[in-house]
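Asks: In this text, residue positions in the sequence shown follow this note's numbering: the first is 2, and each later residue adds one.
I'd like to ask some things about the structure below.
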Amino acid sequence: LADKSCWSRWQLQRVFHLETGLNLAQYVRELKLSLAAEQLLGSKSRVVDIALALGFSSEVSFSRTFKNMFSYSPMAYRRRGKRLGLRTPIKLCSRVLDSFDLEARLLQIRIETRPEFTLYCTSGIISGLFSLTPNYQQQVPLIWSEFVENLPEAEMLSVLSESSSLAADIELIGVVGVIKANDDIDAIPYWAGSTASALLGTTSLDTIDVPAQEYAVIPFTGPIKQLEQVLAWLFSHWIPDSNYDSVDGYELEIYPINYDPEDSSSYMEYWLPIEPRS
2 LADKSCWSRW QLQRVFHLET GLNLAQYVRE LKLSLAAEQL LGSKSRVVDI ALALGFSSEV
62 SFSRTFKNMF SYSPMAYRRR GKRLGLRTPI KLCSRVLDSF DLEARLLQIR IETRPEFTLY
122 CTSGIISGLF SLTPNYQQQV PLIWSEFVEN LPEAEMLSVL SESSSLAADI ELIGVVGVIK
182 ANDDIDAIPY WAGSTASALL GTTSLDTIDV PAQEYAVIPF TGPIKQLEQV LAWLFSHWIP
242 DSNYDSVDGY ELEIYPINYD PEDSSSYMEY WLPIEPRS
């Protein structure tokens with residue numbers, strides 16, 4: 002790679018880390034292992050053949066490295082039959098952003114399978130990203146406010162946000178019910194809540210069961226109002242250029258317990274239902 006660039010090997014690694022926050026060798030290794038995972042699920046190739054084709058010296062070294070990344074041996078991963086922890090090549094998110102106050106950024110999409118879960122929540126109706134009159138930036142915060150107000154102990158969230166050991170185990174999840182909208186982008190159900198029923202309480206909350214699904218996971222850091230530009234890039238450019246198709250399903254917004262929607266350093270993830278392109 003260094004020979005194909007204008008930098009020495011050391012300089013290339015430094016520039017790559019500066020631009021992406023990733024270790025170059027680890028990035029290449031994770032892409033190779035993700036390709037191996039796809040081959041394990043999509044072919045009947047022997048593990049040793051996959052290992053040698055991807056440049057590993059032996060099946061043993063490949064299996065050890067594969068397990069370090071995915072927590073499963075190659076054969077166990079194949080038996081599970083689910084995509085977990087796959088990495089995709091970094092893409093430059095710059096097109097379609099020229100008219101927005103959002104700098105170009107490098108994004109690496111993950112491919113994950115999430116099991117079925119029950120969300121304890123409040124709900125409302127929003128107009129989505131592609132509506133002529135989108136209102137989700139106004140309506141979604143109102144639905145979240147209602148969720149907090151309906152908790153048996155409204156102070157629970159602030160208490161948990163001060164306790165890292167508890168907060169690390171809790172996700173706040175927004176569910177975008179595109180599959181329930183019947184093609185009406187002005188009437189999309191939205192649920193705001195958490196799966197942590199034991200801690201948050203469920204007495205006055207609704208529930209929704211979200212089925213198991215494979216997702217493209219989009220990491221996002223910044224004020225939440227800028228997320229729409231990244232999603233526009235995702236739908237307009239990443240999906241057509243990828244090896245996956247978006248499918249009807251529940252789209253997810255995953256937030257940490259102490260998420261601040263206005264903070265430029267706040268991190269969340271958007272989970273888009275997908276399936277491998279045939």
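Idealized CB from N, CA, C, for every residue including glycine.
(1) CB-CB under 6 Å to Trp-272, same chain, minus the five flanking residues each way: which ones, in chain order?
(2) Buried or exposed: which applies to Tyr-251, given that a residue is buried once 16 or more other Cβ atoms fall within 10 Å of its Cβ?
(3) Based on the DSSP secondary-structure assignment, which residues constitute the bridge partners of Lys-92?
(4) Roughly how many angstroms lie between the CA atoms of Glu-31 and Arg-81, to the nearest whole one?
(5) Rounded to whole angstroms, what's the CA-CA distance from Val-160 to Ile-258? Just pull it up for me.
(6) Output the boundary residues of the alpha helix (DSSP H) element that contains Val-179.
(7) If Ala-213 sits next to Glu-117, beta carbons under 8 Å apart, how far is it from one beta carbon to the other, in whole angstroms?
(8) With a threshold of 8 Å between beta-carbons, can Glu-117 be considered close to chain C, or not?
(9) Would the segment 59–78 and the segment 112–130 be scored as touching if the rule is three or more Cβ pairs under 8 Å?
(10) Can you look up Asp-210 in the DSSP assignment and give me helix, strand or coil?
(11) How should Ala-38 be labelled, buried or exposed, when 16 other C-beta atoms within 10 angstroms of its C-beta is the threshold for buried?
(12) From what residue to what residue does the beta strand (DSSP E) around Asp-246 run?
(13) Does DSSP put Leu-228 in a helix, a strand or coil?
(14) Are the beta-carbon atoms of Ile-126 and Ala-188 separated by less than 8 Å?
(15) Given a cut-off of 8 Å on the beta-carbon distance, is the pair Leu-206 and Thr-123 in contact?
(16) Can you give me the C-alpha to C-alpha distance between Ala-3 and Glu-150, rounded to a whole angstrom?
(17) Out of Ala-52, Leu-143, Gly-223, Gln-14, point me to the one whose CA is closest to Ala-26's CA.
(18) Would you list the residues sitting across from Ala-193 in a DSSP beta bridge?
(19) For Phe-131, count neighbouring C-beta atoms within 10 Å of its own C-beta (all shown protein chains included) and say buried if the count is 16 or more, exposed if not.
(20) Whole angstroms are fine: how far does the CA of Ser-35 sit from the CA of Leu-87?
(21) Can you find the residues in the same chain that come closer than 7 Å, C-beta to C-beta, to Glu-229, ignoring five residues on each side of it along the sequence?
(22) Would you kindly work out how many angstroms separate the C-alpha atoms of Lys-5 and Phe-17, rounded to a whole number?
(23) So is Leu-103 buried or exposed if we call it buried at 16+ other beta carbons inside 10 Å?
(24) Alpha helix (DSSP H) containing Pro-75: first to last residue?
(25) Output the distance between the C-alpha atoms of Lys-83 and Leu-42, rounded to the nearest integer angstrom.
(26) Taking 8 Å as the threshold (C-beta atoms), are Thr-208 and Ser-172 in contact?
(27) Taking Lys-33 as the reference, which of Gly-22, Leu-53, Ser-46 has the closest Cα?
(28) Alpha helix (DSSP H) containing Glu-117: first to last residue?
(29) Determine the DSSP secondary structure at Ser-267, reduced to helix, strand or coil.
(30) Taking the alpha helix (DSSP H) that Pro-142 falls in, what are its first and last residues?
Replies: On the basis of the data shown:
(1) Tyr-216, Val-218, Leu-253
(2) buried
(3) Leu-108
(4) 20 Å
(5) Residue confidence for Val-160 is low, a pLDDT of 48 falling below 50, so the modelled location carries little weight; the figure read from the coordinates is stated next. For Val-160 and Ile-258, the distance between alpha carbons rounds to 10 Å.
(6) Careful: Val-179 lies outside any alpha helix (DSSP H) and carries neither H nor E.
(7) 5 Å
(8) Going by chain labels, chain C is absent from the structure shown, which holds only one protein chain.
(9) no
(10) strand
(11) buried
(12) 245–247
(13) helix
(14) yes
(15) yes
(16) 55 Å
(17) Gln-14
(18) Thr-123, Gly-175
(19) exposed
(20) 5 Å
(21) Leu-130
(22) 14 Å
(23) The pLDDT assigned to Leu-103 is 47, lower than 50, so where the model puts this residue is not dependable; a value taken from the coordinates is nonetheless given after this. Looking at its Cβ environment, which holds 16 or more other Cβ atoms inside 10 Å, Leu-103 is buried.
(24) 75–81
(25) 8 Å
(26) It should be pointed out that residue 172 corresponds to Glu in this sequence rather than to Ser. The answer is no: Cβ separation not under 8 Å.
(27) Leu-53
(28) Where Glu-117 is concerned, there is no enclosing alpha helix (DSSP H), given that its DSSP letter is neither H nor E.
(29) coil
(30) 137–150
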